[in-house]
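As structure tokens, the structure follows; a few thoughts come after it.
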Amino acid sequence: MITTSKEYKEKENRIYHAKLNIQFADGTEKELDENSLFGLTINDDVSSADVFSVGTAIINVLTLKLDNSDGFFDDKEFYGAEISIKIGLELDTGTEWLQKGTYIADSGDDVSDVITVKAYDYMRNFDRDYTKSTLGYPATLGAIVRDACHCCGVGLATASFSHDDFVVQSKPEASTFREMLAMVGQISGNWCRINRFGQMEIAFYDISRYEQDTGDFVEISNYLSGSVSTEDVVITGVKVTDGDETYLSGQEGYLIAVEDNSLIQGSGETVAGWLGEKLIGLTFRKISVSHEPDPVIEAGDLARIVDRKGNMKKTLLNSITYTFGGTQQSKTCAATPLRNSVERFTKSTKNYVKYRELLDNYKYGFDSAVDALGKRLDGASGLFETTEKQTDGSYKYFLHDKPQLKDSLVIMQITSEALAISTDGGKTWPTGITVDGEAIISILKAKGISASWINTGEMVIQDERGKTIFSANKDTGTVLISGDCIRIGDQNLEEALKDTKTLVMQFDCEYATVNVDSEGNYDTFPEITFQPTVYFGAIDVTADCTFTVTASSYVTGKWNSSSRAYTVEGLLADSAWVDVKAVYAKNYIVTKRFTVAKLYAGQKGESAENYFLEVSNEIVVKSKNGMLEPNAVEISAYSRKDGARETYAGYFMIYEVSEDDAKEKVYESRTPESELRYHLYDFLMADTTYPAMGKDNVVISGARSTKMINIELYLDQEKTILLQTKTISYVQKMEELTGEEMFNILTNNGEVQGLYRMNGKIYLNGEYIKSKTVKADAISVDDLYAIGATIGGWSITEDGIVKDIDDADGNTYRVKLRPPYKDNPAGTYILFCAKKKAGEETWSQTFKLRGDGTAFFGETQINTYMLLMGSVGIWNNYYNGKSQIRVGGKMAGSPINYTRGENVTRIYPGSIYVEGTKNNAIGEASFTIGTGGDPVDVQPLTSKDGMLIIDCTRGVQIGSHGNYTSDTGLTYHHHGPHYLIGGLEADTINAHGSKSRIIDTSYGERLLYCYEMPSPMFGDIGEGKTDENGECYVAFDPIFAETIATFQKYYVFIQAESGTMQVTKKENAGFLVCGTANMSFDWEVKAKQIDYGYERLEKNKISSDIEFIDYETEMSQLIEDYITSKENILE
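Numbering (my numbering), first residue to last: 29 to 1159.
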């Protein structure tokens, strides 16, 4: 129910108004009121049709009928438009508006100037494929909801919800995020909905206040039409289906069913238990009525309805259809209750209601802090006020608990910099907050904290019961994590894995009783502790398991992770339970339940006493040949009272559970007994007295087909008062399993990767090897992870492979090969050779090759420019002082020879040559790349003065048609155009001709020319509209603002559609336009480019002349000197 003012609640003769804001996908916006409406209906549901549901995620629907007689919507596309709705009530003091949701529209239908539009709330966003989630499993329900909201772009209004710490072991195969939300709601006993502000909300009816008549109820009377059921619906039980298993909490009658929920994963009994505690005994009336519209009513509200006979009934509204200007439909959907569901509202069912009332008195953490704050506010007196005028004319404000400030202990001080609270008369200020957001608080209670960093001396995380699950202390240097809260692994849990029955859990005590008086009270709670033991086959793997403990809401206790024991500390109901789930090797999961119950013992009651069953063997080991170890089990009973152990004589019941889950009673005590011996074999009897004997007088017997023995101890002969239970499980003898059986156990019948079978043998898949040592005669792998290993003398490191060789003199030579680094692939060395003399620690580099091809001999870099295209020749000409490398074409004479001072190789036309020179006289280095046979007149690529000059007369043609004669008298024939594939990036681009862009039009490709300016400038255009005050502030796009010099003068051009308009203020962030009110206008801005604010009509500093450069007399000496310096190395 939406909260409203007192005046709103008391208003009679109501007149409502409507506001609609439609933001179309094209960016346009339209405001409408009730005058533009032919209809407005909102369907709000938290339950499926005709069913009282738990765990729904329903898309609520808005239906609009809009007046389009003026044709405004003719060219509007409604699909994807966002529609916000407000409903207002006209009051004497004005109109009080209520937000009624935001919806995303589907396509509209236009019939006779009436447009009908259906729109859906943000729950529709969750109809996305769940494969888009990257959430790692195991994951809690809370994490699943937060991830879903993040992936689907919807805000989360619920910081925490019941059982949000329930752990889902493996990622389910849900098709959509909405399916996941529905399953989360089912398990936690909630519904998922989008609230009126467009946020995800995980909640349920306020049951405790509903049952105690203390909540905010909607009052519905004088309804116009409809029906109110004559009988109450009473929920008698919850039935949960988990795979092939079905668990019932409560009893048959009116059941809430949970089915096909793939998040339960072996915790069906636990889920049924806590849903039963929440729902059993809940009573409501099924209704469907029409009444005057009231926009404050929402689905999920508590309601009282007065029927036509004047009888008032309570109910829970789960479906609301609100129609503006019409009638409102309010429903409580539920299947029609059978009469016996009311009759079955027995003592045990009523107890659930009583226990919920009792449980509501127990509050923890944040909830208790909120309640405490409320009580302190209600019970506290007010404050007195004192002001102090400062020298600058401002005031400091003091609120204090005594009439005089000097007499007060509690003082609140407010200044321009901070708000602070003192409890010692102003001596210290331990609590406060500054204007820049720094808070000083002794204890912070919150639903959630989001922070970039947290610096703390100690951090303690507790659950809602106050149990510590994480603790870290800076001073002691310790970090403690509760073992039952650690989750590792993401393997799927399949039914085939359960069928192997290789993992079983035993409790040393499965059932405990607490002696109470006739009122259910006890003087001293007994010591009740139980420990689980987990077996994989016959092997005790308890120490290797991780445990999750889930307790009923009616039991208090704690789990000791070090001793792996649970201690029960309190019992709020007649009975309660504790479920322990063990996970072994990530894939194997087993859950077992411990039960504790009150034992009523008359008016006075007795001292607390516990009863126990003790067995000689916790498990029975079954061999492949059918033999059992042991062949009989010794069973005894005892009690503890005030810590002393005493033999107890009671009544036993023994059941055997077969492999097909059939339960058969095999033994029943007729008289009280404290111990017995139970045989696990059937004996073949020769007569009624003696068993049949075989060879060597061996008794002929056979093992029964049993998987479990259930032992029960009762107080009375009628077996109505249960004292204790014990289970003995049968396990397979692991060493006798065949290879195929073991393979199926380890791989979930081949589904879990890592092992595979072929030709009757079991193989290890190398992709899943993660071990230190694998021994075999031969190993063949496609991809081997072997960091730190040595293969063939090569050591494998994180970034490459290394091998060291020692010579006879003790010197060590090293070779290292590695891939280049991602952040610097060109500059990373990929081959490294070094030498270390005997007795030295430092390596001396001998050779290094980088990723870009650069090589080093010693520490000297070798720059080699070579393009291999066929033949290679080296030409050294001392006559003209130039060295060349020629590649490609056809060789003349013999293969390459190197002879000092002779030209032994010439390359025919069609080849490529590279030459370089250095003019020692002027200290200038340059190069030339040429083609053809005679390099004198063919130099297409040269360098000069740090510039690259391209000028080709053969092959590549650059420029436009025409000739150009350089200062040397050579004529260059330019043939264009030059096509550049990709982008061109340069510091400065100058052009003698025009700059244009080619645009493909229906008239062919046409040129569009650039708008040139004397100064480098950027521009932007846009539109705006003045407000009712005739003002409009146009803010620059933040990115655009970073590109312009706003500190210099910029220019704004305004074009108004009518009226007057002018720019009254220019700022770095934008400008202010003033003029006619509510007037649209266009604007254009021109501003100088950042860093180029002072350029204007500069002279061209780059010459257009291309000079022919001959380097034959300048290069030879440099190459000759280089070759001479490396001659010894080449030899």
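Every residue gets a Cβ at the ideal spot worked out from N, C-alpha and C, and that includes glycine.
(request) Sort Q559, P847, V618, L344 by Cα distance to F595 and report the nearest one. (result) To locate residue 595, count along the sequence shown from 1; it is residue 567. It should be pointed out that residue 595 corresponds to Thr in this sequence rather than to Phe. Nearest of Q559, P847, V618, L344 to T595, Cα basis: Q559.
(request) Jot down the residue ranges of each uninterrupted alpha helix (DSSP H) in the segment 287–350, minimum 4 residues, whole runs only, in chain order. (result) Qualifying alpha helix (DSSP H) stretches, in chain order: 296–307.
(request) State the start and end residues of the unbroken alpha helix (DSSP H) segment that holds K37. (result) Here residue 37 is taken as the residue at index 9 of the sequence shown, counted from 1. DSSP places K37 inside the alpha helix (DSSP H), whose first and last residues are 34–38.
(request) Return the residue from the list E320, P321, G338, R313 that minimises the CA-CA distance to A331. (result) Taking the sequence shown and counting its residues from 1, one reaches residue 331 at position 303. Distance check between A331 and each of E320, P321, G338, R313 places R313 closest, using alpha-carbon atoms only.
(request) Report the rounded CA-to-CA distance for A690 versus Q214, giving the unit in angstroms. (result) Translated into the one-based positions of the sequence shown, residue 690 becomes position 662. Translated into the one-based positions of the sequence shown, residue 214 becomes position 186. Distance between the alpha carbons of A690 and Q214 is about 30 Å.
(request) Taking all protein chains shown into account, decide if L1036 is buried (16 or more other Cβ within 10 angstroms of its Cβ) or exposed. (result) Along the sequence shown, one-based indexing puts residue 1036 at 1008. Exposed is the call here.
(request) Give the DSSP-derived three-state secondary structure of D211 in the structure shown. (result) Counting from 1 along the sequence shown, the entry for residue 211 is found at position 183. Checking the sequence, you will find Met at residue 211 rather than Asp. Here M211 sits in helix by DSSP.
(message) Quick check for students: name the residue ranges of the beta strand (DSSP E) that lie wholly in the segment 208–268, counting only runs of 3 or more.
(response) Those beta strand (DSSP E) runs which fall completely within the segment 208–268 and span 3+ residues are 219–222, 228–231, 245–248, 253–262.
(request) Might you give, ordered along the chain, the residues of its own chain that have their beta carbon closer than 6 Å to the beta carbon of F412, omitting 5 neighbours on each side? (result) On the sequence shown, residue 412 is found 384 positions in, with the first residue counted as 1. Leaving aside the five residues that flank F412 on each side, the residues in its chain whose CB is nearer than 6 Å to its CB run, in chain order, H428, P431.
(request) Would you check if the distance between the CB atom of S253 and the CB atom of S347 is smaller than 7 Å? (result) Residue 253 sits at position 225 when you count from the first residue of the sequence shown. Residue 347 sits at position 319 when you count from the first residue of the sequence shown. S253 is not a Cβ neighbour of S347, given a cutoff of 7 Å.
(message) Can you tell me which residues form a DSSP beta bridge with M1127?
(response) Start at 1 with the first residue of the sequence shown, and residue 1127 comes out as number 1099. One detail in the question is off: residue 1127 reads as Lys in this sequence, not Met. Looking at the DSSP assignment, K1127 forms no beta bridge with any residue, so it has no partner.
(request) Quick one: residues in its chain with C-beta nearer than 8 Å to the C-beta of I1082, no 5 flanking neighbours on either side, listed in chain order? (result) Position 1054 of the sequence shown, counting from 1, holds the residue named residue 1082. Residues M1089, Q1090, V1091, V1101, F1109, D1110, W1111 of the same chain have their beta carbon placed closer than 8 Å to that of I1082, with the five preceding and five following residues left out of the count.
(message) Just to confirm my understanding: we take N588, look at its own chain, exclude 5 residues before and 5 after, and list those with CB closer than 8 Å. What are they?
(response) Reading the sequence shown from its first residue, position 560 is the one you call residue 588. These residues qualify, in order along the chain: Y594, T595.
(message) With H, G and I counted as helix, E and B as strand and the rest as coil, what does DSSP make of L184?
(response) Stepping through the sequence shown from its first residue, residue 184 is reached at position 156. Strand.
(message) Considering Cα atoms alone, identify which of K761, S702, L708, S733 is closest to E740.
(response) Your numbering for residue 740 matches position 712 in the sequence shown. E740 has its Cα closest to that of S702, out of K761, S702, L708, S733.
(request) Determine the contact status of T349 and T360, defining contact as a CB-CB distance below 7 Å. (result) Counting from 1 along the sequence shown, the entry for residue 349 is found at position 321. Counting from 1 along the sequence shown, the entry for residue 360 is found at position 332. Going by C-beta atoms, T349 is not nearer than 7 Å to T360.
(message) Between the alpha carbons of F106 and V145, how many angstroms are there, rounded?
(response) Here residue 106 is taken as the residue at index 78 of the sequence shown, counted from 1. Here residue 145 is taken as the residue at index 117 of the sequence shown, counted from 1. The straight-line gap separating the alpha-carbon atoms of F106 and V145 is approximately 8 Å.
(request) Would you decide whether T675 is buried or exposed? Buried here means 16 or more other CB atoms lie within 10 Å of its CB. (result) The residue given as residue 675 occupies position 647 in the sequence shown. When all chains shown are included, T675 counts as exposed.
(request) Give a yes or no on whether the C-beta atoms belonging to G278 and G296 are separated by under 7 Å. (result) Reading the sequence shown from its first residue, position 250 is the one you call residue 278. Reading the sequence shown from its first residue, position 268 is the one you call residue 296. No, the Cβ-Cβ distance between G278 and G296 is not below 7 Å.
(request) Can you grab the Cα-Cα spacing for the pair T570 / Y275, in whole Å? (result) In the sequence shown, counting from the first residue as 1, residue 570 sits at position 542. In the sequence shown, counting from the first residue as 1, residue 275 sits at position 247. Taking the straight line joining both Cα atoms gives about 27 Å.
(request) Apply the 10 Å Cβ neighbour rule to C1038 and answer buried if 16 or more other Cβ atoms are within range, or exposed otherwise. (result) Working through the sequence shown from its first residue, we reach residue 1038 at position 1010. Exposed, since its Cβ has fewer than 16 Cβ neighbours within 10 Å.
(message) Rounded to the nearest angstrom, what separates D193 and T168 at their Cα positions?
(response) By 1-based counting over the sequence shown, the position of residue 193 is 165. By 1-based counting over the sequence shown, the position of residue 168 is 140. Looking at the two C-alpha atoms, the distance is approximately 5 Å.
(request) In the DSSP assignment, find the unbroken alpha helix (DSSP H) run with F412 in it and report its ends. (result) Residue numbering aside, residue 412 sits at position 384 when the sequence shown is read from its first letter. For F412, no alpha helix (DSSP H) segment is defined; the enclosing uninterrupted segment is the beta strand (DSSP E) at 412–417.
(message) Between which residues of its own chain and T1104 is the CB-CB distance below 8 Å, once the five residues before and five after are set aside?
(response) On the sequence shown, position 1076 is the one that residue 1104 refers to. These residues qualify, in order along the chain: T1054, G1058, A1084, S1086, G1087, T1088, M1089.
(message) Please return the same chain residues whose Cβ sits closer than 7 Å to the Cβ of L641, not counting the five positions on each side in sequence.
(response) Looking up residue 641 in the sequence shown gives position 613. Excluding sequence neighbours, L641 sits near I663, A665, I739, L741, Q752, K754.
(message) By the three-class DSSP mapping on this structure, what secondary structure does Y44 have?
(response) In the sequence shown, counting from the first residue as 1, residue 44 sits at position 16. Correct three-state label for Y44: strand.
(message) Looking only at its chain, what residues have a beta carbon closer than 6 Å to the beta carbon of G83, apart from the 5 residues adjacent to it on each side?
(response) Within the sequence shown, residue 83 is the residue found at index 55, counting from 1. Excluding the 5 residues flanking it on each side, G83 has same chain C-beta neighbours closer than 6 Å at A210, G213, Q214, in chain order.
(request) For I1027, write down the residues that DSSP places opposite it in a beta bridge. (result) Counting from one through the sequence shown, the residue named residue 1027 turns up at place 999. Looking at the DSSP assignment, I1027 forms a beta bridge with R1034.
(request) Indicate whether the contact test is met: 3 or more Cβ pairs, each with one atom in the segment 327–341 and one in the segment 237–256, closer than 8 Å. (result) Short answer: they touch.
(message) Quick check on this structure: which residue in A285, S112, D134 has the alpha carbon closest to the alpha carbon of F225?
(response) As a position in the sequence shown, residue 225 is number 197, starting the count at 1. Ranking the options by Cα distance to F225, first place goes to S112.
(message) What does the Cβ neighbour count give for S422, buried or exposed, with the cut at 16 atoms within 10 Å?
(response) Residue numbering aside, residue 422 sits at position 394 when the sequence shown is read from its first letter. Result: exposed.
(message) Assuming contact is defined by CB atoms lying nearer than 7 Å, are V532 and Y563 in contact in what I supplied?
(response) For the purposes of this step, residue 532 is identified with residue 504 of the sequence shown, where counting begins at 1. For the purposes of this step, residue 563 is identified with residue 535 of the sequence shown, where counting begins at 1. It is a contact, given that the beta carbons lie within the stated cut-off.
(request) State the DSSP-derived secondary structure class of C861, mapped to helix, strand or coil. (result) Here residue 861 refers to the residue found at position 833 of the sequence shown. Of the three classes helix, strand and coil, the one that applies to C861 here is strand, per DSSP.
(request) Inspect the CB distances between the segment 52–62 and the segment 33–41 and report whether three or more fall short of 8 Å. (result) Taking 8 Å as the limit for Cβ pairs, the verdict is that the segment 33–41 does not touch the segment 52–62.
(message) For I87 and Y148, what's the separation of their Cα atoms in angstroms?
(response) As a working note, residue 87 is residue 59 in the sequence shown. As a working note, residue 148 is residue 120 in the sequence shown. Approximately 6 Å between the Cα atoms of the pair.
(message) On the DSSP letters alone, give me the boundaries of the beta strand (DSSP E) that A672 sits inside.
(response) Counting from 1 along the sequence shown, the entry for residue 672 is found at position 644. Segment 672–675, the beta strand (DSSP E) holding A672.
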